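With positions in the sequence shown counted from 1, the corresponding number in my numbering is that position plus 33.
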Amino acid sequence: MTALDVDSTDTLVVREVFGPTAQGEGPSCGRRCSFIRLGGCNLTCRWCDTPETWDAGRFDLRQTLTRRPVAEIITRALEGDPDMVVITGGEPLLHQHQDGWRSLLGALILAGAEIEVETNGTQEPTKHTARWVTRFNVSPKLAHAGDPSDKRIRPGALYALLETRKAVFKFVCRNDWDVREVQAFTEAHGIPPRLVWVMPEGTDTATVSTRLGEIADPAIAAGFNVSTRLHVHAWGDEKGR
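Shown next, in the form of structure tokens:
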């Protein structure tokens, strides 16, 4: 399957498709890639950096989101011949029961691209998704995100993602207190420290650098990996880069 082979009726709701750029976080930090940002989310994080994908109270989602043919999405994502395509959101796994999702994964795999999916860890992957995705970047939300724990923490989904043996876990932290919360969270849900990446919250270089200095030592002491946010250092809060 290529973009030309995808059924013309297959569509997905998209905020943007951009790249080539660089993955800014986690184990693939710095890798050349493209991004597909889908619309919709089941959480309402107070510090979300892409609220235009879901927050109808602040944005006209008819303007910020577009239903686009999957063939068009694939063609744009593969411009520049990236080795990796990152599917993000919003919460992309909300789309995985649609024909468009299956067509998207199939075409990317046949094009030879690795696929990373960035997810908040509340949605169980389908068998099809688990088979074709290269890596799940799971980012469970801590208390400072604002949603109640029973909404942002779904143990069944976390275990299902762990069972794929393709999941790593990313946590956005502001200080050592947040790192302690990550440690309690991962211990409670059986997530090995070697699969955890801790990164600083912030949308500008000064904030990211300051918070990285606060969280790096406690994160390393807890057995976690540490990541900066490369895209913030390179492009600040600019979207679509």
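Cβ atoms here follow ideal geometry from the backbone N, Cα and C, with glycine treated the same way. These numbers come from a predicted model, not from an experiment.
According to DSSP, is residue 80 part of a helix, a strand, or is it coil? coil
What residues match up with residue 224 in a beta bridge as DSSP calls it? Looking at the DSSP assignment, residue 224 forms no beta bridge with any residue, so it has no partner.
Out of curiosity, what's the CA-to-CA distance linking residue 276 and residue 174? No statement about residue 276 is possible, as the shown extent of the chain runs from 34 to 274 and does not include it.
With a cut-off of 8 Å on the beta carbons, I'd call residue 52 and residue 67 a contact; round off their distance for me. 3 Å
What are the start and end residues of the alpha helix (DSSP H) that includes residue 72? Element bounds for residue 72: n/a, residue is neither H nor E.
From 105, 142, 171 and 94, pick the residue whose C-alpha is nearest to that of residue 156; which is it? 171
Let me check understanding here. Comparing Cα to Cα, which of 80, 126, 63 and 71 lies closest to residue 102? 71
Taking only runs that begin and end inside the stretch 94–164, name each unbroken alpha helix (DSSP H) of 4 or more residues, in chain order. 94–97, 103–110 and 132–143
Give a yes or no on contact between the stretch 52–65 and the stretch 157–165, applying the rule of three or more CB pairs nearer than 8 Å. no
As a quick exercise: from 147, 266 and 153, pick the residue whose alpha carbon is nearest that of residue 167. 147
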